[in-house]
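A quick write-up on the structure given underneath.
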Amino acid sequence: MTNSLLVVCLLTLIIHTAETLSYSVRFAGVKLNKIAIALSLTGIIVLVSRTANMVQGPLTAKFVDYAKADDSFPLLNYLRIIMLASSLGTLIAIALFPTFVGLFARVISKLEIEGSIPRLLTSVTVSQLKNTRKYIRRPKVRLSSFRYLGIPKRFIVMNVFVTAFYTVGVLSSMYAAKLLPAFSTTASQASGLINGIATILLTVFIDPQLGIITHKATENAQYRDQLGKIYVLLMGSRFLGSLLGQALLVPGAFIITWLVKLL
């Protein structure tokens, strides 16, 4: 069982690291003034994330089956450990952000020349892979540099809550399946009740604001220099959101059980 938990944690870590590193793709595209190409590369990140999620989901659901068969199985502890893996993945992405900005800038330039992802992949040589070491950068975080970035506080707070809802949605529904054995299938499929709220908040409040921030940076060189700090701030809010998810895990499960009983 420990091995299964380690696999799930590894996949969760990959998912959240990949999703958070999408900010480095955006920033690289803005620096090169090739944001359209950069956004096309996010499809690769989505592919990596969804592939890992395809394996992670059933493995996590298996813990619920064990908990239903054995009341002593520490399902809640397992779910909290998985959530910690999501927080760790976000932290890793923050640490890798400066390095991947440089790497993705190189990838964007190569993609413009090659014209397609398959041709880009086949053009990579061993010597080019070895040269990636020169893009390694240490993360430098100075709290004073985040003081005057012109980002509304409500935007940061909203990003924290949206991340928390997304982090906890599926796991709360799985815990609800354990709390409500008679309707476990219904409860396990009810993650959309929480993720739906997060999607609405993301679509209405987060994505438009993020688009405005990115657009300003493409037109204003001075604002472009601040964009990297803004993205780090947003990644930090994602980390806080993943931690907040720990507090919402059990309440979210009880809300789902209540809603399932009403259906």
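According to the working numbering, the stretch in the sequence shown is residues -4 to 258, in order.
Beta carbons are placed, not taken as given, at the ideal position from N, Cα and C, and that holds for glycine.
Less than 8 Å between the beta carbons of Ser19 and Ser237, yes or no? Cβ distance not < 8 Å, so Ser19 and Ser237 don't count as in contact.
Separation of Leu36 from Thr282, as counted between CA atoms: This structure cannot speak to residue 282, because the chain is shown only from -4 to 258.
Quick one, are the C-beta atoms of Ser173 and Val59 less than 8 Å apart? Correcting the residue type first, residue 173 is Lys in the shown sequence and not Ser. It is a contact, given that the beta carbons lie within the stated cut-off.
Pull up the distance between the alpha-carbon of Asn190 and that of Pro246, whole angstroms please. Looking at the two C-alpha atoms, the distance is approximately 14 Å.
How big is the Cα-Cα spacing for Thr7 and Leu54? Straight-line Cα distance between these residues: approximately 11 Å.
Which ranges does the alpha helix (DSSP H) cover as unbroken runs of at least 4 residues, wholly within the stretch 153 to 231, from first to last along the chain? Qualifying alpha helix (DSSP H) stretches, in chain order: 179 to 183, 186 to 196 and 202 to 214.
Contacts around Ser183, its chain only, beta-carbon distance under 8 Å, and the 5 residues preceding and following it disregarded: Scanning its chain for C-beta atoms nearer than 8 Å, with the 5 sequence neighbours on each side dropped, one finds around Ser183 the residues Ala56, Val59, Ser168, Met169, Ala171 and Ala172, in chain order.
Could you work out which residue in Ala90, Leu71, Ala159 and Lys224 is closest to Leu197 when comparing CA atoms only? The candidate whose alpha carbon is nearest that of Leu197 is Ala159.
contact_flag[the stretch 62 to 75, the stretch 96 to 111] where n(CB pairs < 8 Å) is 3 or more: In short, these stretches do not touch, since the Cβ pair count stays below three.
Can you tell me the Cα-Cα spacing of Phe249 and Val96, whole angstroms? Between Phe249 and Val96, the C-alpha separation is close to 41 Å.
Which runs of the alpha helix (DSSP H) at least 4 residues long sit entirely within the stretch 53 to 86? Give them in chain order. Runs of the alpha helix (DSSP H) inside the stretch 53 to 86: none found.
Neighbour-count burial assignment, Glu14, 16 or more Cβ in a 10 Å radius: In summary, Glu14 is buried, with 16 or more beta-carbon neighbours lying within 10 Å of its beta-carbon over all protein chains present.
Alpha carbon to alpha carbon, how far is Lys211 from Lys26? C-alpha of Lys211 to C-alpha of Lys26: approximately 12 Å in a straight line.
Would you kindly check if the distance between the Cβ of Ile195 and the Cβ of Met153 is under 8 Å? In this structure, Met153 lies away from Ile195, with their beta-carbon atoms at least 8 Å apart.
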